[in-house]
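Numbers 1434 to 2061, taken from the working numbering, label the letters of the sequence shown in order. In this text, a Cβ means the ideal position worked out from N, Cα and C, and glycines have one as well. Accompanying notes for the structure given below.
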Amino acid sequence: MAEQVFVTLPNGVKRSVPKGMKLQELADEGAVAAQVNGSLVDLSQPIEKDGVVTFIPIHSRKGLEILRHSAGHVMAQAVKELFPSVKLTFGPSTDTWFYYDFDYDRPFTPQDLEKIGERVSEIIKEDSPFIRREVSKEEALKTFREMGESYKVEHLEDLPDRVSLYRQGSFLDLCEGPHLPSTGRIKAFKLLNVSGTYWRGDARNQVLQRIYGTAFPDAKGLEDYLLMLEEARKRDHRKLGRELDLFSIQDDAGPGLVIYHPKGAMLRTILEDFERKEHLKRGYQIVIGPTLLRLDLWKQSGHFENYRDKMYFTKVEDAEYGIKPMNCLAHMLIYKTQIRSYRDLPFRYFELGTVHRHEKSGELHGLLRVRGFTQDDAHILCRPDQLNDEICAIIEFVDDVMKIFGFEYEIELSTKPEKCIGSDEDWESATQALLQALKTKGLSFEINEGEGAFYGPKIDVKLKDALGRKWQCATIQADFAMPERFELTYVGSDGERHRPVMLHRVILGAMERFIGVLIEHYAGAFPVWLAPIQAILLTVTDRHIPYAERTYDSLVRKGIRVEKDFRNEKLGFKIREAQLQKIPYMLVIGDREEKEGTLSPRKRSGETMKSLRPEEFIAQVESEYPSL
Ligand SMILES: [Zn+2]
Ligand SMILES: [Zn+2]
């Protein structure tokens, strides 16, 4: 009888199976890969020793990512077959799309995409298995050198001594895996578009051609996704930002640097006022730190060592400075100006802090990925015994705020990355603190191994917008390392000095990003409380201007954000323009309104309301504010 090994399945059942049996034979229908003792592997992998096995269903987040990742290999195969002089680079994927970057002497055309798509369909029909082979780095280097794949060779230099190769049909790629069992598991796919990019995202490097695509386990999923994309295109915040005159990003002025126009600046001011009020209500203190700080401090904090690539530096009178990429430092410096007692803790320092980070030019994207942005940042310095309550309070804060904007959200916990500061013990207790708080609140969450910040593990909150897309907003990071590096202390009840814990947290995240998300979520039609312009006064004829001016004054004095359109144009024309600007209320003023001392509101949806006196209209607007 063959040697047996024990496999523990998720339902707790332990099964004895012959050593060397493939996972495939144990898998449930619909599984595309497996997790064995925590690592993701192909179903074709043999079971060599005792272990805990979970199967990854195709409809799970990981399953979809594996599907899309595998589709990326299939697309690369098609491209390589049709355009043999192409050089391969990489093909990352997420749970919504995949792309692959190619070095080719010209951009791909729509006709090329069509041909590539046809070839992809054929490869799917061939139902070729994805076959894994582990080899030494030497052997892989030799193979890819012979194939002339210079980018693979360059990438291999950074990899460990053993690597894995995958082959489907005649196509070979360097990849960690896992993949679908075979190409036939891709039931629906679509190549979405092609764009130019650079090797490793750096504008100084070779230009590459990036082809985006997506794949689904069924045709319906793809259909829904394509509809969503079409809607997303209409809502693109860069397009709406221009049409609604909210902001501009002018590449000759500086890529990734946002210029807020009056309406955009108003929107941001509304959000900032909202934030200040909400933070003061929850016991935070507002602080403001400088943009430049001496380089020595960035060395002390570990930023220089771990974050230098994303920082900007400058010199003032021979002294070196770093431009802040995060707001933590000044907050610690405030804490350090006095001796703190255990009775004074916690301190909750809040700053709408503007930071600058060097994002690669190839990765900049409208308001969503920028080089200068303002975070709603806070640092909480507390005693270890206060940590749970503080984290729970932040989670409640996030929940309150998400409800106000009407967002659902998901939670992820990210653990220790490779590059980090602090001891293993500190990492363990910080991770436990976050876990404990999530359990206290009874929240479900996913774990991202190795995705934490360099100074501590974190809780990430991803909101879901009106189109079901997920966006990173709040993060909560527990940090034992930075207080150590800056020798922060408080005097305990025992009269001894103790180390406080620091929580770094944001609620909305970067204001720029959040505004970008809001624009797309609301398709530019902001709710009344957020709308930069809440109402516009429209005169029927010039005769009505004096009364309209008086009405304007009375509304503005009550804090209504109102504009006037007293131009000598047809009313219908003025209404259409205001509708395009997505202004919530159009207030029409003609003979009857003047005689009755009223105004006639019309909603941007086209619905007309009965005439109201100005004070009734003000009450109507106020009733639409969320109760904060
Ligand atoms: Zn792969
Ligand atoms: Zn911080």
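| Check | Outcome |
| --- | --- |
| What's the call for alanine 1752, buried or exposed, on a 16-neighbour Cβ count within 10 Å? | exposed |
| Straight-line CA distance for aspartate 1893 to threonine 2031? | 50 Å |
| Leucine 1728: which of Arg1715, Ile1719, Lys1748 and Arg1709 sits nearest, CA to CA? | Lys1748 |
| How close, in whole Å, do the beta carbons of arginine 2037 and glutamine 2012 come, if the pair is a contact with beta carbons under 8 Å? | 6 Å |
| When you get a sec, list the residues whose CB is within less than 6 Å of any heavy atom of ligand 1, chain order please. | His1502, His1506, Tyr1599, Cys1608, Gly1610 and His1612 |
| Confirm, please, whether the CB-CB distance from glycine 1885 to proline 1850 is below 7 Å. | yes |
| Taking DSSP's pairing of strands, which residues face glutamine 1718 in a bridge? | Tyr1782 |
| State the DSSP-derived secondary structure class of aspartate 1538, mapped to helix, strand or coil. | coil |
| Might you give, ordered along the chain, the residues of its own chain that have their beta carbon closer than 7 Å to the beta carbon of aspartate 1832, omitting 5 neighbours on each side? | none |
| Tell me the residue span of the alpha helix (DSSP H) that contains cysteine 1512. | At residue 1512 the sequence reads valine, which differs from the cysteine that was named. It spans 1494 to 1515 - the alpha helix (DSSP H) in which valine 1512 sits, taken as one unbroken run. |
| First and last residue of the beta strand (DSSP E) that includes glycine 1942? | 1934 to 1943 |
| CA-CA distance, asparagine 1739 and phenylalanine 1806? | 20 Å |
| Is it buried or exposed, serine 1856, if we count other Cβ atoms within 10 angstroms and call 16 or more buried? | exposed |
| Spell out a yes or no on whether the region 1543 to 1552 and the region 1510 to 1519 are touching, meaning 3 or more CB-CB pairs, one atom from each, closer than 8 Å. | yes |
| Just the Cα atoms here: how many angstroms apart are threonine 1724 and glutamine 1808? | 13 Å |
| Expressed to the nearest angstrom, what Euclidean distance is found between the alpha-carbon atoms of alanine 1943 and glutamate 1845? | 18 Å |
| Where do the N-terminal and C-terminal ends of the beta strand (DSSP E) with aspartate 1606 fall, by residue? | 1604 to 1607 |
| Is methionine 1661 close to ligand 2? I mean its beta-carbon at under 6 Å from any heavy atom of the ligand. | no |
| Let's test the definition: count the other Cβ atoms within 10 Å of the Cβ of glycine 1992 and tell me whether it reaches 16, buried, or not, exposed. | exposed |
| Sorry if obvious, but does the Cβ on histidine 1937 come closer than 6 Å to a heavy atom of ligand 2? | yes |
| Alpha carbons only, please: which of His1712, Asp1810, Tyr2058 and Pro1758 is nearest the one belonging to histidine 2072? | Because the chain here runs from 1434 to 2061, residue 2072 falls outside it and cannot be looked at. |
| Would the beta-carbon of lysine 1769 fall within 7 Å of that of isoleucine 1828? | no |
| Let me check understanding here. Comparing Cα to Cα, which of Ser1503, Gly1629 and Leu1574 lies closest to arginine 1539? | Gly1629 |
| Can you tell which of Val1586, Pro1960 and Thr1787 has its C-alpha closest to the C-alpha of isoleucine 1721? | Thr1787 |
| At a cut-off of 6 Å, would you count cysteine 1761 as near ligand 2, judging by its Cβ distance to the nearest heavy atom? | yes |
| Contact defined as beta carbons within less than 8 Å: I believe glutamate 1882 pairs with threonine 1848. What is the distance between those atoms, to the nearest angstrom? | 5 Å |
| Can you look up tyrosine 1768 in the DSSP assignment and give me helix, strand or coil? | helix |
| Check whether the Cβ atoms of proline 1443 and alanine 1464 sit closer than 7 Å, and answer yes or no. | no |
| In chain order, what residues of the same chain have a beta carbon less than 7 Å from the beta carbon of glycine 1716, not counting five sequence neighbours either side? | Arg1781 |
| Within 10 angstroms of its Cβ, does isoleucine 1940 collect 16 or more other Cβ (buried), or is it exposed? | buried |
| Going by the CB atoms, is the gap between glutamate 1953 and leucine 1668 shorter than 7 Å? | Before going on, a small fix: residue 1668 reads as arginine here, not leucine. Yes; because the gap between Cβ atoms is below 7 Å, this pair is in contact. |
| Could you say if the region 1969 to 1976 and the region 2004 to 2023 meet the contact criterion of at least three C-beta pairs nearer than 8 Å? | yes |
| Here's the rule I'm using: 16 or more other beta-carbon atoms within 10 Å means buried, otherwise exposed. How should phenylalanine 2106 be labelled? | A query on residue 2106 cannot be resolved here, the shown segment of the chain reaching from 1434 to 2061 and no further. |
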